[in-house]
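Enquirer: One structure, as structure tokens, below. Some questions next.
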Amino acid sequence: MIEAQANRVMYGKTLVELGERNPKLIVFDADVAKSTNTIQFARRFPERFFQAGVAEQNMMGIAAGVATTGLLPFVSTFAMFAGSRACEQVRTSIAYPRLNVKIVATNAGVEIAGDGVTHQATEDLAIMRAIPNLMVVSPSDPVTTRKAALAIAEYEGPVYMRLGRQVNAVLYDEDVGFRLGRMLKLREGSDIAIIATGNIVEQALRAAAELAKEGIGARVLDCHTIKPIDREEIVRAARETAGIVTVEDHNVIGGLGGAVCEVVAEEHPTIVRRVGLQDTFASSGRDFRMLLAHYHIDCETIIEKARSILHARAVSRASIPDS
Amino acid sequence: MKPAAGPKLSHSPADRRRSNMSREFNPAALQETARRLRVNIIRMTAIAGSGHPSTALSSVELITYLYFCRMRIDPGNPKWEDRDRFVLSKGHGAPAIYAALAERGFFPEEVLWTLRDVGSLLQGHPDMRKTPGVDMTSGSLGQGFSCAVGIALGGRVNQKGFRVYAMLGDGELQAGQVWEAAMFAGHYKLDNLTAVVDDNKQQTDGLTKEIMNVHPIADKFRAFGWDAVDIDGHDFSQIHEAFQKSARSAGKPYAIVAATVKGKGVKAMETSTKWHGLPPGPEEAEAFVREIEAG
Chain A
25 MIEAQANRVM
35 YGKTLVELGE
45 RNPKLIVFDA
55 DVAKSTNTIQ
65 FARRFPERFF
75 QAGVAEQNMM
85 GIAAGVATTG
95 LLPFVSTFAM
105 FAGSRACEQV
115 RTSIAYPRLN
125 VKIVATNAGV
135 EIAGDGVTHQ
145 ATEDLAIMRA
155 IPNLMVVSPS
165 DPVTTRKAAL
175 AIAEYEGPVY
185 MRLGRQVNAV
195 LYDEDVGFRL
205 GRMLKLREGS
215 DIAIIATGNI
225 VEQALRAAAE
235 LAKEGIGARV
245 LDCHTIKPID
255 REEIVRAARE
265 TAGIVTVEDH
275 NVIGGLGGAV
285 CEVVAEEHPT
295 IVRRVGLQDT
305 FASSGRDFRM
315 LLAHYHIDCE
325 TIIEKARSIL
335 HARAVSRASI
345 PDS
Chain B
49 MKPAAGPKLS
59 HSPADRRRSN
69 MSREFNPAAL
79 QETARRLRVN
89 IIRMTAIAGS
99 GHPSTALSSV
109 ELITYLYFCR
119 MRIDPGNPKW
129 EDRDRFVLSK
139 GHGAPAIYAA
149 LAERGFFPEE
159 VLWTLRDVGS
169 LLQGHPDMRK
179 TPGVDMTSGS
189 LGQGFSCAVG
199 IALGGRVNQK
209 GFRVYAMLGD
219 GELQAGQVWE
229 AAMFAGHYKL
239 DNLTAVVDDN
249 KQQTDGLTKE
259 IMNVHPIADK
269 FRAFGWDAVD
279 IDGHDFSQIH
289 EAFQKSARSA
299 GKPYAIVAAT
309 VKGKGVKAME
319 TSTKWHGLPP
329 GPEEAEAFVR
339 EIEAG
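One line per chain: the protein sequences are A and B, in this order. So the working numbering is basically just the index in the first sequence, starting at one, shifted up by 24. So the working numbering is basically just the index in the second sequence, starting at one, shifted up by 48.
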């Protein structure tokens, strides 16, 4: 049975599972194996684990070269260094030649808290999403983290997968039908839709439970694949509810919020309110929950945004004279 | 021992391997091939109207030697998994490998005249998905070298006997990624890897020693755990000797620092720094071709 644990811990366990199945799997890390949890694979398969040292740009190139020889490289480091420092190497050496490299980046978002801005990746989804050929995955809980790791190993092509640092509650049964590119519906509802990604999905569920007490039915969608994004599910949410709240531990520009806005603007315009980091650098914090609340990436803000959409709809309905 | 002569009936992998073992060292023949590559470099960049002819010209003897004497490759099977690999990390020198690949039969010569055109097999910088015989996409300086090191590591993990050759420019050595890759190759003792530095002493904005000095080069590689040798990059005998040694290196990757002349074979290019990113005009091109053919 899968218990509450950090998604990165579940990733480490799944890598071992994958390593046992697939002798072509090879793992690289840039001196953060204990944090990314690739250390679990390193202990089990030392001959297939390679430290690249604090040299992420080179590590991406090494993985690209290795992939051309038929091996299946998983490359891990912190999201800050995979998504930003080694961005051009990911783009030109991996994504452009469509090499079968899996980049699994951990410690993403404001929630890493204590280390502060130098280590808080809050733009990686936006950057990686803008690179052609690259799939972008951001699972929410240990069950879907395992399923996502298994699924990207099967998928032929480059992938960026984003994981956080903190402990995650289990949100799904182990037999949940997980498919890359298809959102998971965690809760039905037709008054409002909350589309969330990554560690913060749990807060979206909590917000929906609170809204229910007020008689507001909030649909909760777990957008674990940021690219290709599930356009169908977004359009359905836009069509069937009063509006959409997006939730992410990431800048509201270019990440999940941006992606959802692009789809609704083209397909079915509606009100979207984006919960996330409001285009600012964050601070260190001793308590990650308090830090997220300080930047309004929390349950209360989701509730408030949901109410504000319903209020805006009520006002606009009231202002239209009866014909 | 040579394979038995006789009609070629099959094209089994074993046959292929025999037929693609490195060829005999014949400096006169290599010189003639080098001349043809130079002519095609001038012609294709003139037709394309952009590109880097002079940086391609400095590498011609090295690339000719690799493609026509050293590497085990098969034009009929560019993705042959036991082939030796070549990564042009100084990807702007692409016209040189395009000329070599056409000459070696990977694609028809006419393709050269499509260089840099929309939809061409021949992109401005090497593209492994578009050009038969190109082993790695490269051109953003420093990146190709890391990929070459990764290919060498993959060869070792897969227990393959192929060798990986990476060519870098002297200006490229200013990129930090080059030394991250060199450190990795030294640390993991990748002795199936040979790096060749085409030290033509110039870069886009001028002389390398004035822009940002990279010398001494061989000592830097040695400090990162490599064996290294300095040679004249236009002298086939020295090239042959260095590559022979590199193939025998044990426990260390091998760097060949080849002193070259940018624009080699065309006096106007040899004596001016303006040709880095400048192709010849149509009339200049024909004059240059005559000069190369006479030389």
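Yeah, the Cβ is synthetic: ideal placement off N, Cα and C, and Gly gets one too.
Based on Cα-Cα distance, which residue from F210/B, M176/B, L255/B and A77/B lies nearest to M21/B?
Expert: This structure does not reach residue 21/B, given that chain B is present from 49 up to 343, and the question cannot be answered.
Enquirer: Does DSSP put A132/A in a helix, in a strand, or in coil?
Expert: Strand, per DSSP.
Enquirer: How is Q144/A classed by DSSP in three states: helix, strand or coil?
Expert: In the structure shown, Q144/A sits in coil (DSSP, three-state: anything other than H, G, I, E or B).
Enquirer: Given that a residue counts as buried once 16 or more other Cβ atoms are within 10 Å of its Cβ, and exposed if not, what is F305/A?
Expert: Answer is exposed; the Cβ neighbour count stays below 16.
Enquirer: Return the first residue and the last residue of the beta strand (DSSP E) that V212/B is part of.
Expert: Segment V212 to G217, the beta strand (DSSP E) holding V212/B.
Enquirer: Throw me the rounded Cβ distance for the R72/A and G94/A pair, which I believe falls under 8 Å.
Expert: So it is not a contact: roughly 14 Å between Cβ atoms.
Enquirer: Is it right to say N157/A is buried, meaning 16 or more other beta carbons lie within 10 angstroms of its own, or is it exposed?
Expert: So N157/A counts as exposed.
Enquirer: Distance, Cα to Cα, R32/A vs L187/A?
Expert: Rounded to the nearest angstrom, the two C-alpha atoms are 6 Å apart.
Enquirer: List, in order along the chain, the chain B residues whose C-beta lies closer than 8 Å to that of G94/A?
Expert: Chain B residues near G94/A: E129, G202 and N206.
Enquirer: Less than 7 Å between the beta carbons of E264/A and S214/A, yes or no?
Expert: Closer than 7 Å, so yes.
Enquirer: Is the CB of A271/B under 7 Å away from at least one CB in chain A?
Expert: No, A271/B lies away from the interface with chain A (no Cβ there is under 7 Å from its Cβ).
Enquirer: CA-CA distance, A148/B and Y115/B?
Expert: Cα to Cα, the separation comes out at about 7 Å.
Enquirer: Which complete beta strand (DSSP E) runs does the stretch 237-319 of chain A hold, if anything under 3 residues is left out?
Expert: Taking only runs of at least 3 residues, the beta strand (DSSP E) segments lying wholly in the stretch 237-319 of chain A are 242-246, 249-251, 267-275 and 295-301.
Enquirer: Distance check for G309/A and H143/A, CA to CA, integer angstroms please.
Expert: If I take the Cα positions, the gap works out to 12 Å.
Enquirer: How should A13/A be labelled, buried or exposed, when 16 other C-beta atoms within 10 angstroms of its C-beta is the threshold for buried?
Expert: The requested residue 13/A is not part of the displayed model; chain A covers only 25 to 347.
Enquirer: Is A79/A close to chain B? Criterion is C-beta to C-beta, closer than 7 Å.
Expert: At least one chain B Cβ lies under 7 Å of A79/A.
Enquirer: If S186/B and L136/B are in contact, beta carbons under 8 Å, what's the gap, nearest whole angstrom?
Expert: Confirmed, about 6 Å.
Enquirer: Please list the partners that A229/B has in chain A, where partner means a Cβ-to-Cβ separation under 8 Å.
Expert: The contacting residues are N82, G85 and I86.
Enquirer: Three or more beta-carbon pairs under 8 Å between the stretch 244-260 of chain A and the stretch 199-210 of chain A, yes or no?
Expert: In short, these stretches touch, since the Cβ pair count reaches three.
Enquirer: With a threshold of 8 Å, are at least 3 pairs of Cβ atoms found where one atom belongs to the stretch 195-203 of chain B and the other to the stretch 238-252 of chain B?
Expert: Segments in contact, yes.
Enquirer: Go through the stretch 292-331 of chain B residue by residue and report every complete run of the alpha helix (DSSP H) that reaches 4 residues or more, in order.
Expert: As far as the stretch 292-331 of chain B is concerned, its whole alpha helix (DSSP H) runs of at least 4 residues are 315-318.
Enquirer: Rounded to whole angstroms, what is the Cα-Cα separation between F291/B and G281/A?
Expert: If I take the Cα positions, the gap works out to 55 Å.
Enquirer: Any beta carbon of chain A sitting closer than 7 Å to that of V197/B?
Expert: Closer than 7 Å to some Cβ of chain A, the Cβ of V197/B qualifies, so yes.
Enquirer: Determine the closest residue to P205/B out of F69/A, G279/A, N192/A and M104/A, with distance taken between C-alpha atoms.
Expert: The question names Pro, but residue 205/B is Val in the sequence shown. Minimum Cα distance to V205/B is reached at F69/A.
Enquirer: Name the two residues that bound the continuous beta strand (DSSP E) containing D247/B.
Expert: Element bounds for D247/B: L241 to D247.
Enquirer: Using a C-beta cutoff of 7 Å, does P182/A count as contacting chain B?
Expert: False, the Cβ-Cβ gap to chain B never drops below 7 Å.
Enquirer: Given F74/A, which residues of its chain have a CB within under 6 Å of its CB, disregarding the five upstream and five downstream residues?
Expert: Excluding residues within five positions, the ones whose Cβ falls inside 6 Å are F52.
Enquirer: Of the residues that make up the stretch 112-130 of chain A, which ones have a beta carbon closer than 8 Å to any beta carbon in chain B?
Expert: If the cut-off is 8 Å between Cβ atoms, the stretch 112-130 of chain A has E112, Q113, T116, S117, Y120, P121 and R122 near chain B.
Enquirer: Mind listing the chain A neighbours of R177/B? Cutoff is C-beta to C-beta under 9 Å, in chain order.
Expert: Result: Y120, P121 and R122.
Enquirer: Using CA atoms only, rank isn't needed, just tell me which of G300/A, P121/A, G36/A and A119/A is closest to S59/A.
Expert: Considering only alpha carbons, the answer is G36/A.
Enquirer: Who does V167/A pair with in a DSSP beta bridge?
Expert: DSSP, once it has assigned bridges, lists no residue as partnering V167/A.
Enquirer: Given a threshold of 16 other Cβ atoms within 10 Å of its Cβ, counted over all protein chains shown, does K312/B qualify as buried or as exposed?
Expert: That one is buried.
Enquirer: May I ask you to list the residues that DSSP assigns as paired with S100/A?
Expert: D53/A and V128/A.
Enquirer: Could you give the C-beta distance for V194/A and V167/A, rounded to a whole number, given that I count them as a contact under 8 Å?
Expert: That belief holds up - the Cβ atoms of V194/A and V167/A are roughly 6 Å apart, short of 8 Å.
Enquirer: Is any beta-carbon of chain B found at less than 7 Å from that of V99/A?
Expert: Cβ-Cβ to chain B under 7 Å: no for V99/A.
Enquirer: For A316/B, which residues in the same chain have their Cβ closer than 7 Å to its Cβ, ignoring the five residues on either side in sequence?
Expert: If we look at A316/B and ignore the five residues flanking it on each side, it has no Cβ neighbours.
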